[in-house]
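Colleague:
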Amino acid sequence: MAKHRVHSIEFKRQLVAEYTAGETLHALARRHDISRNLIRIWIAKAEAGAFDDEAEAADLLSGYEAKIAALERLVGRQALELEYLKGALKHGRSSRNVSMSVITGPVVSALPRDAG
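Residues 1 to 116 (the UniProt record's numbering) are what the sequence shown spells out, left to right.
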């Protein structure tokens, strides 16, 4: 699956300016390896005022908001993991006086055989 390229507003403005200066769609598309239809869309958006400074600030703000949301999700997941591990540690602790083997685990105490 091909990844979509993301172009800056400044790049889009530059292409629209080159088109307005007389460059053909075909030449622009071939030089920048972009479809002519995409350039037409950018021209229409530029004429509608979508590439002004306020739009650029709004795009930047939405990018930051997306990053903040992703970081909040990460922090939430890490908080859940911490709580889970704290609970596992609390319930899984054995007394410190019991000797343990790395291979077999805690040593089982021997009961007297004649107790029964």
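Ideal Cβ positions, reconstructed from N, Cα and C, are used throughout, including at glycine.
Note down, in chain order, each residue of its chain lying with its Cβ closer than 6 Å to the Cβ of Arg-13, except the 5 sequence neighbours on either side.
Modeller: Only Phe-51 meet the Cβ criterion.
Colleague: Where does Leu-82 land, buried or exposed, given buried means 16+ other C-beta within 10 angstroms?
Modeller: Under this definition Leu-82 is an exposed residue.
Colleague: How many angstroms separate the CA atom of Ala-17 from the CA atom of Leu-60?
Modeller: So the two alpha carbons sit approximately 22 Å from each other.
Colleague: Can the beta-carbon of Ile-34 be found less than 8 Å from the beta-carbon of Tyr-19?
Modeller: No, the Cβ-Cβ distance between Ile-34 and Tyr-19 is not below 8 Å.
Colleague: Is Ala-66 helix, strand or coil when you go by DSSP?
Modeller: Ala-66 falls in the helix class under three-state DSSP.
Colleague: Starting from the C-beta of Ala-29, find all residues in its chain whose C-beta is less than 7 Å away, skip the five residues before and the five after it, and write them out in chain order.
Modeller: Within the same chain, Ala-29 has close Cβ partners Ser-35, Arg-36 and Ile-39.
Colleague: If I'm right that Leu-15 touches Trp-42 with Cβ under 8 Å, what's the distance once you round it to whole angstroms?
Modeller: With 8 Å as the limit, Leu-15 and Trp-42 qualify as a contact, their Cβ atoms being about 6 Å apart.
Colleague: Would DSSP call Val-75 helix, strand or coil?
Modeller: Note: Val-75 maps to helix in three-state DSSP.
Colleague: Tell me the residue span of the alpha helix (DSSP H) that contains Glu-10.
Modeller: 9-20 is the extent of the alpha helix (DSSP H) around Glu-10.
Colleague: For Glu-65 versus Ile-9, is the C-beta spacing smaller than 8 Å?
Modeller: Not closer than 8 Å, so no.
Colleague: Under three-state DSSP, which class holds His-26?
Modeller: It is helical.
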